[in-house]
Every structure is written in structure tokens, then in C-alpha cells.
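What follows is one structure encoded as C-alpha cells, with my remarks underneath.
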Amino acid sequence: MAGVPEIFDRLAVRRHRDRAARMVERVAPVLREAAERLVGRMDDTTRRFALALDLGGRGIVAPLLAARGITAVSADLSTRMAARGGALAVAADEEWLPFRAASFDLVTANLSLHWANDLPGVLVQVRTALKPDGLFLASLPVLGTLDPLRTALAEAEAALSGGASPRVSPFPTLRDCAGLLQRAGFALPVVDLDRISLAYREPLAALHDLRAAGETNAIRVRERRTPPRALFPAALAALPVEERTITLELTMAMLTGWAPSPPQHGSGRAAAH
Amino acid sequence: MSGSKVPIDPRLLEILVCPLTKGPLEYDRTNNELISRKAGLAYPIRDGIPIMLPDEARKLED
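Taken in order, these protein sequences are the chains called A and B.
Per our numbering, residue 1 is the first one in the first sequence, and the count goes up by one each step.
Per our numbering, residue 1001 is the first one in the second sequence, and the count goes up by one each step.
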């Protein structure tokens, strides 16, 4: 990927997902909620899907597809995580997809593409892997996600060390997502916003959940030294509490796009939003 | 070579290509590897899961 800035450390992403494969059940309800909303979008179409590629579904998306009679190939940077998807598992880097052009009727990516360095490149490869008139469904965390945590960590770190290093992923905006779909050559691109509120009694539980989802920091320029012992307690204590509950919001862009084909099947569908 | 000899699902063989060249792969049953001649790499298959990561692939000797 010459010329693409490497914001994320892909080896770290793989390690985080390997580790998460053993504890992802802890956050399955949140992932499943997002996946159900995502997969539900295909119910608005009349197109039938036989073979799907599920990118980073963490063993949550494949069963939802199977319930709709769709065979899923599960791909993940982590072999262990891929294996959770079922019999048709492949260890693969979404930035270097190992699939023949026009292989799939459907590609899904549930909260799994935000650690890619070259998201435009990923989307072009997804479009190529789709058969003509194939559907791409993705949920992506966008700006707004984990904002209270981002602010609390930056403020606590500034107070302790006089500077701040990035500890929460730089999420795209909704408008970025729409532009990405268009640039990648998808027909009938639709992007809309969806939210899942996560309520915590215990602030530390939020960090444990992120780890279980494989979502620990993989920013390349992240501070690799052990943070000052006081950092996380100070940041967690600064999170806004309402009625003894800390609310963190998962703000998602729901992306829908079709691989171009005349005549476009997607155009005959009920609006998917 | 690859530790385990669980065969790859034939449905995967139909759709897999080399991630670097997007070219065809040969299935080496003896070593349980997928070979990309163009890239000079052999991708291992572990527990029936093809590992299509160039970092994990074996370099072919000429």
C-alpha cells in the first residue's frame, strides 16, 4: 500500500483480535445488536443472496446470515477470530483481500473496518469481490463514539504529564463514509446514522469490554511505554456520571452500496433506511 | 510443514487467489499449502483454515 499513511499498527490489531477471540462473548450482546440492525437492512431488498463474505464478524454475524439461508465465508486478520465464524474460515487482511473477482453476492463488515489504514482501498477490493448487483453492508463507528472517554483520557494525561498521546481511534465522520462509498464505485450508496447506548455502573468495565471486543489502541504513534499508574483511574473518575451510571455511545454509520450492474437490482428495492 | 493435515474446504479453493498478485493458487496436498508461483509464496493451511497473510507465508526457493 505505497503512499498510504500507516496510522494503525496492523500487527497490534491482529494480536488484539487474537486475544479477544477468547473473551468476545463478554460483549456479544452489543455486537449482536449492531449486527442485527446491519443484516436487517437486506430484508428490505428482493435480491436473494447465496454466498457472503463476512469481514471481521467475530463469530456473531455468520450465524445471523446462516439463519437467512446464506453461506458465509468468515475472514479475519486473526485466525482464531476467523474460526469463530464457522467452517468456511480464512485468515486474511482486509487491505489485501485474497478472493477472486465477482465471488460473492453479499459482503458484510460489522464494526470491523475502522482499524484499516487504507479504507478506500479496502472498499474498492470489496466492490471487486462482489458479483454484479451484489450488496455491501457495513457498520462503522464514527466520530462521537467514545467521546467522553477520549476527552477524559486527554485531560487526565495533560494534567499528569503535560501532553496527550492518541488513545482512542480517530473515527471518520458520516460525510467521510458517504464519500468513501462513492469513490469506491458503489451504486446507490446510502449512509445513515444509528446509535447504541452503553451504560456502565463501573467505569473500568467499559475498558474491559473494549478489550474483549479486540478494540484496544492500535494507533501506530501510540505511547508504548506503560502509562503513568494514575492515568486510567484519573480518566475514569472524570467520566460524566448520571444516576450512578456512565453512558458511552456507540455512534455508527450504516453503509449500504451495490456493485454496479445494468439493470440495478438495488434500485427496485424499498429504501434501505 | 503446517502441523495439521485438515484438508481445505473445496468451496474455498474456488474463490481464493493470492492476496498480493490476485493470481491463481495451486493446492499442494502433500504440504497442505496454497502456492502462488507469481508471488513466490506458499500460504499455509492450519486446521483447515488458509492463512492468506504474506507475513506468514513461506518463501519458495527457485
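Glycine included, C-beta positions come from ideal geometry on N, C-alpha and C.
Item to complete: Only counting runs of 4 or more residues, tell me where the alpha helix (DSSP H) segments fall wholly within the region 194-258 of chain A, in order along the chain.
Response: Within the region 194-258 of chain A, the complete alpha helix (DSSP H) runs of at least 4 residues are 203-212 and 231-237.
Item to complete: Alpha carbon to alpha carbon, how far is Thr79 of chain A from Ser1002 of chain B? Give it in angstroms, no decimals.
Response: The predicted model places Ser1002 of chain B with a pLDDT of 44, which falls under 50 and marks its position as unreliable; any figure quoted below should be read in that light. Each residue's alpha carbon lies about 14 angstroms from the other.
Practice prompt. At 7 angstroms on the CB atoms, spell out the chain B contacts of Arg84 of chain A, in chain order.
Written response: Chain B residues near Arg84 of chain A: none, gap ~11 angstroms exceeds 7 angstroms.
Worksheet item: Per DSSP, Thr108 of chain A forms a beta bridge with which residues?
Response: DSSP links Thr108 of chain A through a beta bridge to A:Asp54 and A:Leu137.
Worksheet item: Quick one: what's got a C-beta closer than 6 angstroms to Pro98 of chain A's C-beta in the same chain, skipping five residues either side?
Response: For Pro98 of chain A, where only same-chain residues beyond five positions count, the Cβ hits under 6 angstroms are Ala92.
Worksheet entry | Beta-carbon proximity of Asn117 of chain A to Glu215 of chain A, cut-off 8 angstroms | Not a contact, by the Cβ cut-off of 8 angstroms.
Worksheet entry | Residue range of the alpha helix (DSSP H) that includes Arg1046 of chain B | Counting along the chain, Arg1046 of chain B falls outside any alpha helix (DSSP H), though it belongs to the beta strand (DSSP E) covering Leu1041 to Arg1046.
Worksheet item: Since Pro120 of chain A contacts Leu180 of chain A with CB under 8 angstroms, what's their CB separation in whole angstroms?
Response: Right, their Cβ atoms sit about 6 angstroms apart.
Worksheet entry | Proximity of Ala52 of chain A and Leu65 of chain A at Cβ, strictly below 8 angstroms | Yes.
Worksheet item: So, does the CB of Leu1111 of chain B fall closer than 8 angstroms to a CB anywhere in chain A?
Response: Outside the shown range of chain B (1001 to 1062) lies residue 1111 of chain B, about which nothing can therefore be said.
Item to complete: Using a Cβ-Cβ cut-off of 8 angstroms, state whether Ala92 of chain A counts as contacting chain B.
Response: With 8 angstroms as the cut-off, Ala92 of chain A counts as an interface residue toward chain B.
Item to complete: Evaluate contact between the region 141-149 of chain A and the region 245-258 of chain A, counting only Cβ atoms and requiring at least three cross-stretch pairs below 8 angstroms.
Response: Yes: the two stretches touch, three or more of their Cβ pairs being nearer than 8 angstroms.
Worksheet item: Straight-line CA distance for Val24 of chain A to Glu33 of chain A?
Response: Answer to the nearest angstrom: the Cα atoms are 14 angstroms apart.
Worksheet item: Taking Cβ-Cβ distances shorter than 7 angstroms, what residues in chain A pair up with Arg1011 of chain B?
Response: Contact of Arg1011 of chain B with chain A by beta-carbon distance below 7 angstroms involves Leu88.
Practice prompt. Using beta-carbon positions only, say whether Ala1039 of chain B and Leu1020 of chain B come within less than 8 angstroms of one another.
Written response: With a cutoff of 8 angstroms on beta-carbon distance, Ala1039 of chain B and Leu1020 of chain B are scored as near each other.
Worksheet entry | Three-way DSSP call (helix, strand, coil) for Pro166 of chain A in this model | Under the three-state reduction of DSSP output, Pro166 of chain A falls in the coil class, being neither helix nor strand.
Worksheet item: Quick one: what does DSSP say Met1001 of chain B is sitting in, helix, strand or coil?
Response: Any reading at Met1001 of chain B must be qualified, since the residue scores a pLDDT of 47, below 50, and its modelled position is unreliable; the value itself is stated next. Judged by DSSP in its simplified three-state form, Met1001 of chain B adopts coil rather than helix or strand.
Worksheet item: DSSP on Asp43 of chain A, reduced to helix/strand/coil?
Response: The three-state reading of DSSP puts Asp43 of chain A in helix, counting H, G and I together.
Fill in: Neighbour flag for Pro63 of chain A against chain B, beta carbons, 8 angstroms
Not one beta carbon of chain B lies nearer than 8 angstroms to the beta carbon of Pro63 of chain A.
Item to complete: Could you name the residues of chain B that Phe136 of chain A contacts, counting a contact when the two beta carbons are closer than 8 angstroms?
Response: Chain B residues near Phe136 of chain A: none, gap ~17 angstroms exceeds 8 angstroms.
Worksheet item: Ends of the beta strand (DSSP E) at Val90 of chain A?
Response: Under the DSSP assignment, Val90 of chain A falls in the beta strand (DSSP E) whose first and last residues are Ala89 to Ala91.
Practice prompt. Determine the direct distance from the alpha carbon of Pro228 of chain A to that of Val107 of chain A, and round the result to whole angstroms.
Written response: Those two C-alpha atoms are separated by around 42 angstroms.
Discussion item. Just checking: is the beta-carbon of Arg1058 of chain B within a distance shorter than 8 angstroms of some beta-carbon in chain A?
Written reply: Arg1058 of chain B does not count as touching chain A.
Worksheet entry | Per DSSP, cross-strand counterpart(s) of Glu1033 of chain B | Paired residue(s): B:Asp1028 and B:Pro1044.
Worksheet entry | With 16 other Cβ atoms within 10 Å as the buried cut-off, status of Pro263 of chain A | Flag for Pro263 of chain A reads exposed.
Worksheet entry | Exposed unless 16 or more other CB atoms sit within 10 angstroms - verdict on Arg274 of chain A | The structure shown does not extend to residue 274 of chain A, since chain A is modelled only from 1 to 273, so the question has no answer here.
Worksheet item: Does the count of Cβ pairs from the region 233-248 of chain A and the region 28-48 of chain A closer than 8 angstroms reach three?
Response: Too few Cβ pairs lie closer than 8 angstroms, so no.
Worksheet item: Going by alpha carbons, who is nearest to Arg19 of chain A out of A:Ser261, A:His208 and A:Val191?
Response: Between Arg19 of chain A and the set A:Ser261, A:His208 and A:Val191, the nearest pair of CA atoms involves A:His208.
Practice prompt. Determine, using beta carbons only, whether Met1 of chain A comes closer than 8 angstroms to chain B.
Written response: Only weak support is given to the placement of Met1 of chain A: the predicted model assigns it a pLDDT of 48, under 50, and the question is left unresolved by the model.
Discussion item. Just checking: is the beta-carbon of Leu97 of chain A within a distance shorter than 8 angstroms of some beta-carbon in chain B?
Written reply: Yes - at least one Cβ of chain B is within 8 angstroms of the one on Leu97 of chain A.
Worksheet item: When you compare each of A:Leu198, A:Leu174 and A:Ala205 to Asp192 of chain A by their alpha carbons, which one comes out closest?
Response: It is A:Leu174 whose Cα lies nearest to the Cα of Asp192 of chain A.
Fill in: Residues of the region 1022-1036 of chain B with Cβ closer than 7 angstroms to any Cβ of chain A, in chain order
Of all residues in the region 1022-1036 of chain B, none has a Cβ within less than 7 angstroms of some Cβ in chain A.
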